[in-house]
Amino acid sequence: MLKSYTPNWFFTALLDHHIDQLVARYSCLRALRMDFFYRKETPDFLQPDHRWLELQLRMLLEQVEQFENMVGFFWVIEWTADHGFHAHAVFWIDRQRVKKIYPFAERITECWRSITHNSGSVHRCTYQPHYTYNINIPVRHNEPESIDNIRGALHYLAKEEQKDGLCAYGCNEVPE
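For what it's worth, this note's numbering labels the leading residue of the sequence shown as 1, then goes sequentially.
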C-alpha cells in the first residue's frame, strides 16, 4: 500500500524516539495496533472537543499499564466527520515473555467498553496482504529490517491529515 498521507514531522519524531527507546530496552517486541472511537448513535460521539475521549483513553491506559508484559504505548487523537474524535494507539508487548497478543486485544477491548459504558468501540488493526509493512513481524533489537518495518507500519499514527491543528498524543516512559 502506497503512502496516501503526509507525515507530520513532530509526531514522526516523537514516535521514532519512542520506538528507539523501546528497542534499546527490550530485545524483542510485538506491536498491537488498535483504534478507539464512539458509536455514532451515542451522545459521546457528539462531544464538541477531544477532551472526553482523551480522559477516557487515559483511564484505559492506567488499566492497560498494569497488564503483565505490557511494556509501552503510544497514542494520538484525530477527528473526521465520519468517525468524530477517535484515537489511534499502539501497545507494546514483551515478545520474550508472550507469544500471543490476541488475549491483550480482548482485554483492552473489554476495558474500553467498560470505561465508555458500551458507547465505545474498538478496531484491531491487522496486517492485510496489500499493505507494504507487516504489523505482525516481531521487532528485534538486532534486526534493523524489523525496526524499519514497524516504523513504516506505525507512521500512519503520525500523519498530518485529520489532526486539524489538534496536538493530543501520549506515550509511556520507557524504563532504562
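For each residue, glycine too, the CB sits at the ideal point set by N, CA and C.
Judged by pairs of C-beta atoms under 8 angstroms, the segment 124–142 does not touch the segment 60–78, as fewer than three such pairs exist.
Spanning the alpha carbons of Thr-6 and Thr-12 requires a straight line of approximately 11 angstroms. Under the three-state reduction of DSSP, Ser-121 is assigned to strand. With fewer than 16 other beta carbons inside 10 angstroms of its own, Trp-9 counts as exposed. Counting of Cβ neighbours within 10 angstroms places His-18 among the buried residues, the total reaching 16 or more. Rounded to whole angstroms, Glu-106 and Gln-128 show a C-alpha spacing of 20 angstroms.
For a cut-off of 8 angstroms, the C-beta gap from Leu-29 to Ile-93 is around 7 angstroms, short enough to register as a contact. Contact check for Leu-154 against Leu-32 fails: the beta carbons are separated by 8 angstroms or more.
If the five residues before and after Lys-163 are omitted, its C-beta is found closer than 7 angstroms to the C-beta atoms of Asn-8 and Glu-78, all from its own chain and listed in chain order.
Taking Tyr-133 as the centre and dropping the five residues before and after it, the same chain places the C-beta of Asn-149, Gly-152 and Ala-153 closer than 6 angstroms to its C-beta, in chain order. In this structure, the beta-carbon distance from Phe-73 to Val-64 falls below 8 angstroms.
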